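Let me begin by presenting the structure, written as structure tokens, before commenting on it.
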Amino acid sequence: MMRDFFPGLAGIPAAKSSISFVDGERGILEYRGIRVEDLAEHSSFLETAFLLLFSRLPAKLELETFNRDISQHRRIKFGIIDLLKALPEQGHPMDALQAAVAALGMFYPFHDVREETTRYLTAVRLIAKLPTMVAAFARLRRGDEAIQPRDDLSYAENFLYMLTEQVPDPALAKIFDVCLILHAEHTMNASTFSGMVTASTLADPYTVISSAIGTLKGPLHGGANEAVIHMLEAINSVDRIPMHVDDKLSNKEKVMGFGHRIYKVKDPRAIVMQTFAQQLDCEAGPQSLFTLARAVEAHMETRVGSKGIRPNVDFYSGIIYHQLGIETDLFTPIFAMARVAGWLAHCFEQYQENHLFRPDQIYDGPHNLPYQPIETREPQFQ
Ligand code: ACO
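In structure tokens:
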């Protein structure tokens, strides 16, 4: 019997969800029904995280309590610092983050997915501690001590402070916070699906988030923000763009930061981030990464715009982080710091109406082969 097959499950709904909505034809993204542009303009990352987790914007007192709870759980145990110290300094920070998050679950055992207080505390811990772990690994790998979080700083300010030991300009911290809002959630993407599959086994949220972090790392997903910077640095000058891009397209290689399974227009998050990248570009020279990026976008539009291949969230986010002086391999961990809010919302939604994910496959191998004795087998590897 012929059965339909959908590689990459493209277009197949795998869950019902009220967390976020994307219209890829019109370039609309909503979290719990609110346009992401409105959240970028009016909200903060922690308020948005509350919205994703609890389906509504918090009242003033609720937000104060949530902010305070997050501030109080920013510290990480010495055991986690020791674990980060033991990892190879050349290793990728996403691997360090994945290992540290998985280990976190050993410090805070989570027994019952139905228990609301434990779920709240787990969400608070994960949102609070991810930035501390990312900043700690960034410092420890170059021989510096990890910096203790400061309760008097906002979420974004505190992360930038733990990275650099300097309290950032509030305007820059605000831009960084908006980037976190824009990365906080995006329907059924690869890392969210990966986390939901793990949640559907009723594994604890630490294991769920570490699964999602592993999936986010790949260059076709969150890792693209890092790849965009490497690509722009390799291009290095506006006149080399046509040659570089055309080479890639004729070799059927992907141009990083472009294309999306859902969006056929420019990603609405890229539009907001482009504005910030432009603001931050004021003092850079004519060959700045932003100038290069705009020229790559213009050239891509002439070549593949008609196919709906346009900048995605990762195209301008890396440029902003680069402009803020952040090391390139921390871009994807920063994506994870933001997306943990969406992953947790999906994890809890999955627990609520759980059905174990166990898709089918179409077997296309042989049947009824004889078992061949070892003496008669021809070696295939030299
Ligand atoms: N550069 C060049 N061509 C592209 C690109 C790109 N970035 N993206 C898609 N295409 C082309 C493909 O070559 C293919 O062309 P064809 O029909 O002539 O064979 C067609 O568009 C469809 O491409 P697919 O890879 O099949 O589309 P899919 O929906 O699976 O791809 C994806 C989505 C994986 C994001 C893809 O666009 C890509 O690899 N982009 C580059 C990596 C990237 O930026 N990833 C971040 C995505 S956003 C995020 O995950 C947070």
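Note that my numbering numbers the sequence shown so that position 276 is 505, with each residue one more than the last.
Quick reminder that beta carbons are idealized off the backbone N, C-alpha and C, glycines included.
These figures come from a predicted structure and were not determined experimentally.
Tell me the rounded alpha-carbon separation between residue i and residue j.
{"i": "R343", "j": "L326", "result": "27 angstroms"}
{"i": "G372", "j": "T361", "result": "16 angstroms"}
{"i": "P471", "j": "G594", "result": "44 angstroms"}
{"i": "P503", "j": "Y592", "result": "The question names Pro, but residue 503 in the sequence shown is Gln. Each residue's Cα considered, the two are about 45 angstroms apart."}
{"i": "Q611", "j": "H596", "result": "28 angstroms"}
{"i": "E607", "j": "Q601", "result": "11 angstroms"}
{"i": "E374", "j": "D311", "result": "11 angstroms"}
{"i": "E578", "j": "A499", "result": "28 angstroms"}
{"i": "S300", "j": "D398", "result": "20 angstroms"}
{"i": "E556", "j": "A243", "result": "36 angstroms"}
{"i": "D468", "j": "G237", "result": "37 angstroms"}
{"i": "A239", "j": "V501", "result": "27 angstroms"}
{"i": "L359", "j": "V330", "result": "8 angstroms"}
{"i": "N541", "j": "G443", "result": "20 angstroms"}
{"i": "Y384", "j": "S546", "result": "18 angstroms"}
{"i": "I438", "j": "E530", "result": "36 angstroms"}
Spatial neighbours of residue i within its chain, please: CB distance less than 8 angstroms, with the 5 preceding and 5 following residues excluded, ordered by chain position.
{"i": "G452", "result": "M323, L445, K446, T561"}
{"i": "L321", "result": "It should be pointed out that residue 321 corresponds to His in this sequence rather than to Leu. Here the set comprises K446, D558."}
{"i": "D341", "result": "T347"}
{"i": "S246", "result": "T416, M417, H575, E578"}
{"i": "L382", "result": "Y390, V396"}
Between residue i and the rest of its own chain, which residues show a CB-CB distance below 7 angstroms, the 5 nearest in sequence each way excluded?
{"i": "K493", "result": "G253, E254, G537"}
{"i": "R379", "result": "N387, Y390"}
{"i": "S440", "result": "S423, G424, T427"}
{"i": "L585", "result": "S429, T430"}
Going by DSSP in three states, residue i sits in which element: helix, strand or coil?
{"i": "S479", "result": "helix"}
{"i": "V542", "result": "helix"}
{"i": "F366", "result": "helix"}
{"i": "F564", "result": "helix"}
{"i": "F339", "result": "coil"}
{"i": "F234", "result": "coil"}
{"i": "F487", "result": "strand"}
{"i": "D324", "result": "helix"}
{"i": "A413", "result": "coil"}
{"i": "E318", "result": "coil"}
{"i": "A288", "result": "coil"}
{"i": "D311", "result": "helix"}
{"i": "H450", "result": "coil"}
{"i": "N296", "result": "helix"}
{"i": "C511", "result": "coil"}
{"i": "D468", "result": "helix"}
{"i": "D558", "result": "helix"}
{"i": "E462", "result": "helix"}
{"i": "Y435", "result": "helix"}
So, at 6 angstroms on beta carbons, what are the nonlocal neighbours of residue i in its own chain, with the 5 sequence-adjacent residues on each side left out?
{"i": "I548", "result": "A506, L518, F519, A522"}
{"i": "T416", "result": "S249, V251"}
{"i": "L409", "result": "F274, A567"}
{"i": "S284", "result": "R261"}
{"i": "K314", "result": "L369"}
For residue i, write down the residues that DSSP places opposite it in a beta bridge.
{"i": "E259", "result": "F250, R264"}
Quick check on residue i - is its C-beta less than 8 angstroms from some C-beta in chain D?
{"i": "A456", "result": "Considering every chain present, this structure includes no chain D. It has just one protein chain."}
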